[in-house]
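Going left to right, the sequence shown walks through residues 1 to 423 as the UniProt record's numbering numbers them.
What follows is one structure encoded as structure tokens, with my remarks underneath.
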Amino acid sequence: MSARKSKKPNSRRVGTVADEAGTVAERPNGKSFLRRYGVAIGTVTGLALAAIPIWPTFHSAYLAEDANRAAQNAELSIVRVDVTSTVELTEETRSPSNTDEVTGTGKFNAAAAKIILHNKGEQAELVKEVRVAVSKARRPEGCHGAGGAITSVRYDFVLPGDIDRRTFPLQLPPKKIDFEVAGQANDRLAVTIGEEYMGEAGWPWLISASVELVTTDNRTLKTDEFTLMDFDAVDRVIGVVNRGLRQGANPAECVQRNIGVLEEAIEAPGDHSKSIDTLLARLKEMGFTRDSAPGTSSADAPNSVPPVPPGTGKWVAQLGSYPESAVTEGQLNDVVATLEQKVGARISRLRSSDYGSLNPGYWFVFYDGEDFKDGHEALAFCSNRGMSDENLCVGRYVSRSQSDSKLICRPADPQGSPSCVRP
Numbered sequence: 001m002s003a004r005k006s007k008k009p010n011s012r013r014v015g016t017v018a019d020e021a022g023t024v025a026e027r028p029n030g031k032s033f034l035r036r037y038g039v040a041i042g043t044v045t046g047l048a049l050a051a052i053p054i055w056p057t058f059h060s061a062y063l064a065e066d067a068n069r070a071a072q073n074a075e076l077s078i079v080r081v082d083v084t085s086t087v088e089l090t091e092e093t094r095s096p097s098n099t100d101e102v103t104g105t106g107k108f109n110a111a112a113a114k115i116i117l118h119n120k121g122e123q124a125e126l127v128k129e130v131r132v133a134v135s136k137a138r139r140p141e142g143c144h145g146a147g148g149a150i151t152s153v154r155y156d157f158v159l160p161g162d163i164d165r166r167t168f169p170l171q172l173p174p175k176k177i178d179f180e181v182a183g184q185a186n187d188r189l190a191v192t193i194g195e196e197y198m199g200e201a202g203w204p205w206l207i208s209a210s211v212e213l214v215t216t217d218n219r220t221l222k223t224d225e226f227t228l229m230d231f232d233a234v235d236r237v238i239g240v241v242n243r244g245l246r247q248g249a250n251p252a253e254c255v256q257r258n259i260g261v262l263e264e265a266i267e268a269p270g271d272h273s274k275s276i277d278t279l280l281a282r283l284k285e286m287g288f289t290r291d292s293a294p295g296t297s298s299a300d301a302p303n304s305v306p307p308v309p310p311g312t313g314k315w316v317a318q319l320g321s322y323p324e325s326a327v328t329e330g331q332l333n334d335v336v337a338t339l340e341q342k343v344g345a346r347i348s349r350l351r352s353s354d355y356g357s358l359n360p361g362y363w364f365v366f367y368d369g370e371d372f373k374d375g376h377e378a379l380a381f382c383s384n385r386g387m388s389d390e391n392l393c394v395g396r397y398v399s400r401s402q403s404d405s406k407l408i409c410r411p412a413d414p415q416g417s418p419s420c421v422r423p
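See below:
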């Protein structure tokens with residue numbers, strides 16, 4: 001059966017057209033949608049028929065006619081699912097008291113199931129509907145509590161908020177699309193799946209699912225099962241766990257239980273996002289496994305106390321300072337939210353007057369999610385995120401000692417500079 005071509009090829013397409021490098025241009029209305037990756041990456045040279053005896057002639061004529069008919073029809077199939085890719089989606093920060101109120105926006109690298117398709121026939125084939133069946137949604141515990149803001153990401157398929165009360169496999173509402181695969185060509189369709197809202201605590205959901213594609217002649221093509229976890233969640237988890245270690249507030253048993261959830265996801269059928277392996281490896285570097293956890297320092301004050309313990313010091317990436325007398329709490333919250341969107345990690349703040357190494361009277365805004373051994377490592381964190389100007393980021397040593405005030409590491413300082421290394 002020949003597939004129908006859309007009269008207006010771009011009028012109903014759900015998705016964006018990406019170049020071969022994977023660049024994605026967002027639809028003007030800002031809504032989530034499925035995505036096309038690249039263009040035709042290969043062609044079929046045609047059917048090669050073996051030599052046929054001249055007698056009987058009607059038999060060879062029928063064979064040629066059948067082969068010609070098969071070549072002219074569409075014949076779409078799924079080659080495989082690639083879960084190593086990410087898609088840049090819009091992330092919105094929302095007020096916890098009113099989830100309809102958007103207080104900030106940014107970009108988020110979401111895990112994607114990239115479905116690689118092959119059309120063996122000469123005629124184009126149209127996919128008219130995408131269905132997602134979730135076999136398991138693993139939700140790690142929020143070991144460090146919820147944050148003061150809620151974020152939402154515009155996934156193609158969003159899990160319901162009451163998913164804990166649902167039965168599996170869970171069929172999500174299907175999406176109508178108009179996705180055309182050219183004749184004798186390969187193409188790729190990326191699908192993202194995620195939760196409706198994410199708290200600042202950082203631990204991501206791990207979603208095991210499969211996808212069905214429905215063509216215009218009502219054929220159904222089904223993928224193997226796969227498991228997704230967003231890549232940007234890795235830094236967020238490490239940030240909150242690191243902060244808990246420094247404040248003596250890490251519920252180690254909770255983190256260990258979550259490691260068990262991550263390991264369970266790896267054992268699920270099909271391929272899984274490599275971000276799961278990355279997160280497990282980084283937690284192990286910190287001393288966390290399913291059966292062990294590092295020691296934590298004791299905190300001598302509630303969680304509102306800045307994360308640098310009294311009497312000690314550490315290198316941080318300073319991202320700004322704002323006079324206490326000239327900035328409101330709301331303005332400071334906006335600054336922090338914007339920076340978190342930019343760097344993809346949790347940003348901290350403290351009153352500089354509490355620390356001898358800092359100039360008093362300011363709100364000091366910084367990132368300390370990693371144990372930087374010197375100021376150069378703090379600068380590397382910033383430069384890896386496009387902030388290599390000293391007006392945007394410097395390495396700063398934060399301590400109670402006034403003698404440490406000279407330890408300000410700038411991008412122009414050479415390796416081993418006295419400003420970047422504490423004796």
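For each residue, glycine too, the CB sits at the ideal point set by N, CA and C.
Here Ser388 is exposed: its Cβ has fewer than 16 other Cβ atoms, across all protein chains shown, within 10 Å. Beta-bridge annotation (DSSP): Arg349 is paired with Val365.
Taking a contact as a CB-CB distance under 8 Å, the pair Ile259 and Gly369 does not count as one, their CB atoms being some 19 Å apart. Per DSSP, the beta-bridge partners of Gly395 are Ala317, Cys409.
Contact check between the region 71-89 and the region 270-287: three or more CB pairs, one atom from each, fall below 8 Å, which counts as touching. Within the DSSP secondary-structure output, Asn186 pairs in a beta bridge with His118.
Between the region 125-136 and the region 200-216, the count of C-beta pairs closer than 8 Å reaches three or more; the two stretches touch. Sixteen is the threshold: since fewer than 16 other Cβ atoms of the shown chains lie within 10 Å of the Cβ of Gly330, the residue is exposed. Only exposed fits Ile266, as fewer than 16 other CB atoms lie within 10 angstroms of its CB. C-alpha of Gln402 to C-alpha of Cys382: approximately 25 Å in a straight line. Residue burial is scored here from C-beta neighbours: Val102 has fewer than 16 other C-beta atoms within 10 angstroms and is therefore classed as exposed.
For Phe168, there is no enclosing alpha helix (DSSP H), since its DSSP letter is neither H nor E.
Counting other Cβ atoms within 10 Å of its Cβ, Gly386 stays below 16 and is therefore classed as exposed. Per DSSP, reduced to three states, the secondary structure at Val421 is coil, with no helix or strand assignment. Taking Ala281 as the centre and dropping the five residues before and after it, the same chain places no C-beta closer than 7 Å to its C-beta. Judged by DSSP in its simplified three-state form, Phe288 adopts coil rather than helix or strand. DSSP, read as helix, strand or coil, puts Ser273 in coil. Beyond the five residues adjoining it in sequence on each side, Glu195 comes within less than 6 Å, by CB distance, of Leu159, Trp205 in the same chain, given in chain order. Cβ-Cβ distances below 8 Å link Val234 to Ser275, Thr278, Leu279, Arg282 in the same chain, with the five nearest sequence neighbours on each side left out; the list follows chain order. The bridge partners DSSP lists for Val343 come to none. Around the beta carbon of Val130, 16 or more other beta carbons lie within 10 angstroms, which makes this residue buried. In this chain, Glu225 is not harboured by any alpha helix (DSSP H), its DSSP state being neither H nor E.
Per DSSP, the unbroken alpha helix (DSSP H) holding Val261 starts and ends at 252-266.
Residue environment: Glu92 is assigned as buried (16 or more neighbouring CB atoms within 10 Å of its CB, all protein chains considered).
Three or more Cβ pairs drawn from the region 342-361 and the region 316-324 lie within less than 8 Å of each other, which places the two stretches in contact.
For Phe231, the secondary structure class from DSSP, reduced to helix, strand or coil, is coil. Comparing alpha-carbon positions, the option among Ser352, Asn359, Ile408, Leu358 lying closest to Ala378 turns out to be Ile408. Only residues of its own chain outside the window of five on either side were considered, and among them Ala124, Leu126 have a CB closer than 6 Å to the CB of Glu180, listed in chain order. Rounded to the nearest whole angstrom, the C-alpha separation of Ala268 and Pro140 is 16 Å. When secondary structure is reduced to three states using DSSP, Arg138 falls in the strand class. Here the alpha carbons of Ala252 and Gly356 stand approximately 32 Å from one another.
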